[in-house]
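**Q** Residue numbers (the numbering used here): 3 to 348. We treat Cβ as the ideally placed atom computed from N, Cα and C, and that holds for glycine.
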Ligand code: DP6
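In structure tokens, the structure reads:
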């Protein structure tokens, strides 16, 4: 006998890629392996209330984002859940009310699909395991990661912290194109790494990541990019293990630059960096050279700049941001985050 009403709620974080996923094929499979740091404060909280359908009723979904109906994201969620019902049959037997909210401001320009999609995947997988009276073993988490990937590629990495790898590579045992895995043996300096996000612009991006990925099909540098991502991962892995910040920083910045170079050389070409992004990048280099503070930048598919640095430098970096960089931020906005452990039940 099934319960007539079930509830589940999870908090799932965003993540910032160090080795960028850029280009995909087939069923949301990545063209190259990627590696990311799972964040902590930038997260989505999602609650699903599932009421068993009465005879004759058909399945339905209500999606509320920050208390209000959000038709455009609601539609994406409905399509996503339809897809997930192949893996989680209970979706078809319940009326679902999904309530979701982000910890970061909606208009911060911060990608929310990784945290949003992984939180939904977690909730529905949890509902199914409640119904089946199963525990959350390694297979559960693997399935959640796989399901998250179908919602948004990068979401599959949010399932584990503090560092995860997605995409098959013989350099990481157990890695797969279908799900992410947690990266073992990460040096403590990276487990508590700080990520301060400078909000350069908070408007919607002109070209979504999904469109950006498709522009890698037939891109003149696609083959070289895939080889480069693998090579960068090869250099990064030992640095992550040993705590080599200089190598980490070099690869991190090179990957960010390549991501945007690929956009600028796509057909059609496009540019997401803004003048203030460039001002900040130049100042980061100058500050690092003059002070020796190991602070590095990365970028996602937008103009905002992520500053990555060890926790011990947090006061120095904060003072510098407030003194020198804040003028380049929209309305002086920054988000102070750090590496995190992954999702949790709430
Ligand atoms: C630049 O995961 O947002 O942030 O799979 O189409 O949903 P879809 O794309 P998405 O792409 C993220 C791209 C990136 C790099 C990364 O996170 O690895």
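Report the partner residues of residue 300 according to the DSSP bridge assignment.
**A** When beta bridges are read from the DSSP output, residue 300 appears opposite 308.
**Q** If distances are taken between C-alpha atoms only, which option among 152, 142, 222 comes closest to residue 28?
**A** 152
**Q** Could you give the first and the last residue of the continuous alpha helix (DSSP H) run that contains residue 45?
**A** First-last for residue 45: 36 to 54, but that is the beta strand (DSSP E), not the alpha helix (DSSP H).
**Q** Please go through the stretch 171 to 215 and give each complete beta strand (DSSP E) segment of 3 or more residues, from N-terminal end onward.
**A** 182 to 184, 196 to 200
**Q** For residue 35, does the count of other Cβ atoms within 10 angstroms reach 16, so buried, or fall short, so exposed?
**A** buried
**Q** Quick one: is residue 257 buried, meaning 16 or more other Cβ sit within 10 Å of its Cβ, or exposed?
**A** buried
**Q** Report yes or no: do the stretch 297 to 307 and the stretch 252 to 267 share at least 3 C-beta pairs separated by less than 8 Å?
**A** Segment contact: the stretch 297 to 307 against the stretch 252 to 267, three or more CB-CB distances shorter than 8 Å; contact assigned.
**Q** Provide the residue(s) that pair with residue 71 in DSSP beta bridges, ordered along the chain.
**A** According to DSSP, residue 71 bridges with 66.
**Q** Less than 7 Å between the beta carbons of residue 2 and residue 166, yes or no?
**A** In this structure the chain extends from 3 to 348, so residue 2 is not present and cannot be described.
**Q** If you run the structure through DSSP and keep just helix, strand and coil, what is residue 222?
**A** Coil at residue 222, not helix or strand.
**Q** Return the Cβ separation of residue 9 and residue 51 in integer angstroms, given the expectation that the two are a contact with Cβ distance under 8 Å.
**A** Indeed, because the Cβ distance is near 5 Å, the residues count as touching under 8 Å.
**Q** Could you check the C-alpha separation between residue 340 and residue 59 for me, to the nearest Å?
**A** Their Cα atoms are separated by approximately 46 Å.
**Q** Evaluate contact between the stretch 9 to 21 and the stretch 40 to 55, counting only Cβ atoms and requiring at least three cross-stretch pairs below 8 Å.
**A** yes
**Q** Just checking my contact of residue 242 with residue 173 at CB under 8 Å: how many whole Å lie between their CB atoms?
**A** That pair is no contact at about 12 Å.
**Q** List the whole-angstrom C-beta distance separating residue 32 from residue 168, where the pair is believed to meet the contact cut-off of C-beta under 8 Å.
**A** 6 Å between Cβ atoms; contact.
**Q** For residue 279, I'd like the list of residues in its chain whose CB is within less than 7 Å of its CB, leaving aside the five on either flank, ordered along the chain.
**A** 202, 305, 307
**Q** Run through the DSSP bridge pairs and tell me what residue 167 is partnered with.
**A** The partner list for residue 167 (beta bridge, DSSP) reads 37, 183.
**Q** Assess, as a yes-or-no matter, whether the stretch 263 to 280 is touched by the stretch 206 to 214 under the definition of 3 or more beta carbon pairs within less than 8 Å.
**A** yes
**Q** Using only the heavy atoms of the ligand DP6, determine whether one of them is closer than 6 Å to the beta carbon of residue 215.
**A** yes
**Q** Please classify residue 231 as buried or exposed, where buried requires at least 16 neighbouring CB atoms within 10 angstroms.
**A** buried
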